[in-house]
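A.B. asks:
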Amino acid sequence: MTNIWEFLLQTAEVTITAAILLIVKWLFADKLSPRWQYAVWILLACKILLPAHLTGRYLSVTLAAGIEAAKTTVESGLASAYTQQWIPIGQNTSGLPFVSKMPVSVTDWLFVLYILGVLISILYYGLSYVRLRRILRRGKRAEEALLKKVEETCARYVLSGCEVVTAEGIPSAFICGFFRPLLVVPAGEDIDEKILLHELMHRTYADALQNAFWCILRALHWCNPFLQYVFHRIGNDMESLCDQRVLEELEGEERRAYGKILLSMTDEKYARAPGTTSISNGGKNIKRRIEAIARFKKYPRGMALVSVCALVVLAAPIFAGSETSGYGTDYPNLSDYRSKVMMAEARMNGCTTPAGAIDTWVKGKVLNLPNYLAAVTPCHQQGELHKQVEQEKDFSSAISHGLKDVPFSDYAVYNLQKENEHRYTALAVIAGQEGYETRPVLIIPLTLQKEKGWTVTQSGKISKYKASFIDIYWGLEKLPGTVASEGKGKTGIIRINEQTIRIVDNQIQDQEDFFADMMGNGFSFDMRSKRSAKFSEEKMFIWGEYQDCRSQAERSNVKVIGMMTAALDHMSDDAPDDIIEEENLLQEVSGSSSAGAGFDFRFVKQPWDGNFDGLNFILGESSDFDLVRFEGFETRIYQNGELLDTLKIKRGAKL
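Numbering (the numbering used here), first residue to last: 391 to 1045.
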């Protein structure tokens, strides 16, 4: 935690976790053993030590977004050293508080005050422990009779022993210390063996060290009264567990006698110090322990497995949390708190995949949804987006103008290229609906950057194309390719261009859906954002060019020129017979085979300048073909039905 807002989010998440655990413990109070009742607090300890935003999911998404919205509003007029207005809460990976700069603003000083409270609390606990140890140094070594009783108790129940001292003015025995623990007993009293058994159980299971651990966690949330109550309950559960362990060792009348010992302590006052454990922990608490003793039973061994399974089942929702159900689809009114929370929720719950980010950005632009854009806008541009929303900017105007008011139909992602683990570039290809005189297509260059989630920035001007028919899922030769490969054969130069095409897996399931109706019954994409979308289809559009470098005289007898290309090692030895009928080698024909080979044969009108650029086909991902890792192409040139030239070109090769 590096600022007061992260602490508020952390303590809110921990509070919800504690409330859930208390409810579950209440429901199963008489069904699960004291071991489980105490062990369940491990989940709370983990929740305290792990940052609330670790998985990007929260127990209450709305509450987390409300804190983020409050932060954005409050910090707008401040120049805080610890908090950036537009950077979502939760950019650090520590659940512990720390600062690296001098405080500047009010919220900075509040965080410093919180840290001082943590340090003072820990200092108080530490000094209390040191003071107690110093007092105990003046205690007397126990008499031989008591030492013998302690040794016999340890031997009888197979427990760890420790040094025993007596002290004046203490109400009951207790264990003090972590590494060299002391068993402290009231001076001049005959201590019942069952009390010794209880304290030696604490010693054996290092409960004093656990007590110190819980004190540190208590200090981290010193200003949360509900959690202070919860930590008090944790201490009581530790004592109840110790009672259970004692009762498992005792029989019949001894158990009743143990209960009577606890009853005799109900009026005693106690002040538990850090690093100590004591059988006496106050009247109200002892009454609860006696009620638990009344329900005592030895649980079968199989209950241990049941308890572990119950912990796992309970841990799943606590640590998995919940994610946003989707970004708001209303244009936000930033004078309304609910709209601010919606925008904050979008900023905090960014897209987890590049496909999801592109999908969200395109739909935000097409549908004029600022909440979508807030989810994928880089932190340093969030302030500008906020101003534009306040001015009620129409974010869809550029695309609407580009499409010439032709309704939006669909989009594809072209030439997605990975620069490093945190950066991609791509082209968003957006098309208008078919059936109009011309079908407009917009090309928008994008840069994707990984921050907390994936962000999208338009990195160039929008290009526009017109065509009577364009299927954006099958490639556009007018666009640049991602890789160009060149090679020179016996008769000429061959160039192969690649263009990758990806389709997002965000399909409409219910055609009666409101969003589908907005875009027409034929619309295929779900207009709701899918932040974790993936690419459902990846393919490569290949187009080839051949430049015949022979003399005009050598080219003069060419009637049909043909070009056949396949990925290396994917051109069949039986080609072209298994790809195209032999008689078609002298016809105008084009197409591709199921094996991934493309071909194009055309008549030549003499005189021929030697240029041939008709080949184009699609390569799709398959079990035996990797679009990313294939090494190159094999191309064959045919003249008048006969093989003229064969060339293998390494991918990306240049002349």
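Note that CB positions come from ideal geometry on N, CA and C, so glycine has one too.
On the DSSP bridge assignment, give the partners of threonine 847 in chain order.
C.D. replies: Answer is Thr837.
A.B. asks: So what's asparagine 887 in DSSP terms, helix, strand or just coil?
C.D. replies: Looking at asparagine 887 - three-state DSSP - the assignment turns out to be strand.
A.B. asks: Going by beta carbon distance, what residues of the same chain come within less than 7 Å of threonine 719, once the five residues before and after it are set aside?
C.D. replies: Excluding residues within five positions, the ones whose Cβ falls inside 7 Å are Leu759.
A.B. asks: At a cut of 8 Å, does the stretch 829-848 reach the stretch 739-749 through at least three beta carbon pairs?
C.D. replies: Touching, per the Cβ criterion.
A.B. asks: If you run the structure through DSSP and keep just helix, strand and coil, what is alanine 471?
C.D. replies: Three-state result, alanine 471: coil.
A.B. asks: When burial is assigned at 16 or more other CB atoms within 10 Å of the CB, is leucine 917 buried or exposed?
C.D. replies: Inspection of the sequence shows that residue 917 is occupied by methionine rather than by leucine. That one is buried.
A.B. asks: Taking the straight line between their C-alpha atoms, what separation do you get for serine 875 and lysine 1044?
C.D. replies: Near 6 Å, if we compare the C-alpha coordinates of lysine 1044 and serine 875.
A.B. asks: Could you check whether threonine 667 and histidine 387 sit closer than 8 Å to each other, using their CB atoms as the reference points?
C.D. replies: Here the chain comprises residues numbered 391 to 1045, so residue 387 is not present and cannot be evaluated.
A.B. asks: I need the DSSP call for glycine 642, collapsed to helix, strand or coil.
C.D. replies: Helix, per DSSP.
A.B. asks: Distance check for isoleucine 891 and glycine 910, CA to CA, integer angstroms please.
C.D. replies: Residue placement at glycine 910 cannot be trusted, given a pLDDT of 40 that sits under 50; what the coordinates show is reported in the next sentence. Their Cα atoms are separated by approximately 24 Å.
A.B. asks: Give the DSSP bridge partners of proline 576, in chain order.
C.D. replies: DSSP lists Ala557 as partners of proline 576.
A.B. asks: Given glutamate 396, which residues of its chain have a CB within under 6 Å of its CB, disregarding the five upstream and five downstream residues?
C.D. replies: Cβ within range, chain order: Ile479.
A.B. asks: Tell me, to the nearest whole angstrom, how far the beta carbon of isoleucine 669 is from that of glutamate 589; I am working on the premise that it is less than 8 Å.
C.D. replies: At roughly 7 Å, the Cβ-Cβ gap stays under 8 Å, so isoleucine 669 and glutamate 589 are in contact.
A.B. asks: Short of 7 Å in beta carbon distance, which residues of its chain neighbour tyrosine 547, apart from the five on each side in sequence? Order them along the chain.
C.D. replies: Around tyrosine 547: Leu587, Glu639.
A.B. asks: How should valine 520 be labelled, buried or exposed, when 16 other C-beta atoms within 10 angstroms of its C-beta is the threshold for buried?
C.D. replies: Its Cβ having fewer than 16 others within 10 Å, valine 520 is exposed.
A.B. asks: Pull up the distance between the alpha-carbon of arginine 1026 and that of leucine 869, whole angstroms please.
C.D. replies: One C-alpha to the other measures close to 25 Å.
A.B. asks: I believe arginine 737 touches glutamine 772 by the beta-carbon criterion, under 8 Å. Please report the beta-carbon distance rounded to the nearest angstrom.
C.D. replies: Rounded, the Cβ-Cβ distance is 7 Å, consistent with contact.
A.B. asks: Looking at C-beta atoms only, is the number of pairs between the stretch 567-580 and the stretch 592-602 that lie closer than 8 Å three or more?
C.D. replies: As far as the Cβ criterion goes, the stretch 567-580 touches the stretch 592-602, which means the pair count is three or higher.
A.B. asks: Would you report the Cα separation of isoleucine 1063 and asparagine 805, rounded to the nearest angstrom?
C.D. replies: What is shown of the chain runs 391 to 1045, which leaves residue 1063 out entirely.
A.B. asks: In the structure shown, what three-state DSSP assignment does isoleucine 1008 receive?
C.D. replies: Residue state, collapsed to three classes: strand.
A.B. asks: Please classify tryptophan 476: is it buried, with 16 or more other beta-carbons within 10 angstroms of its beta-carbon, or exposed?
C.D. replies: With 16 or more other Cβ atoms within 10 Å, it is buried.
A.B. asks: First and last residue of the alpha helix (DSSP H) that includes cysteine 613?
C.D. replies: No alpha helix (DSSP H) contains cysteine 613, which DSSP labels as neither H nor E.
A.B. asks: Can you grab the Cα-Cα spacing for the pair tryptophan 431 / glutamine 400, in whole Å?
C.D. replies: The straight-line gap from Cα to Cα measures roughly 17 Å.
A.B. asks: Across which residues does DSSP place methionine 954 in a beta bridge pair?
C.D. replies: BP columns for methionine 954 point to Phe989, Arg1026.
A.B. asks: So, at 7 Å on beta carbons, what are the nonlocal neighbours of arginine 945 in its own chain, with the 5 sequence-adjacent residues on each side left out?
C.D. replies: Within the same chain, arginine 945 has close Cβ partners Asp938, Trp998, Gly1000.
A.B. asks: In three-state terms, what does DSSP make of cysteine 552?
C.D. replies: Coil.
A.B. asks: Measuring straight from C-alpha to C-alpha, what distance separates valine 649 and serine 562?
C.D. replies: The displayed chain sequence assigns glycine, not valine, to residue 649. Computed Cα separation, rounded: 15 Å.
A.B. asks: Rounded to whole angstroms, what is the Cα-Cα separation between serine 926 and glutamate 841?
C.D. replies: The alpha-carbon atoms of serine 926 and glutamate 841 are separated by roughly 24 Å.
A.B. asks: Buried or exposed, going by whether 16 or more other CB atoms sit within 10 Å of the CB of leucine 617?
C.D. replies: Answer is buried; the Cβ neighbour count reaches 16.
A.B. asks: Per the contact definition of three or more C-beta pairs closer than 8 Å, is the stretch 976-994 in contact with the stretch 948-955?
C.D. replies: These segments touch.
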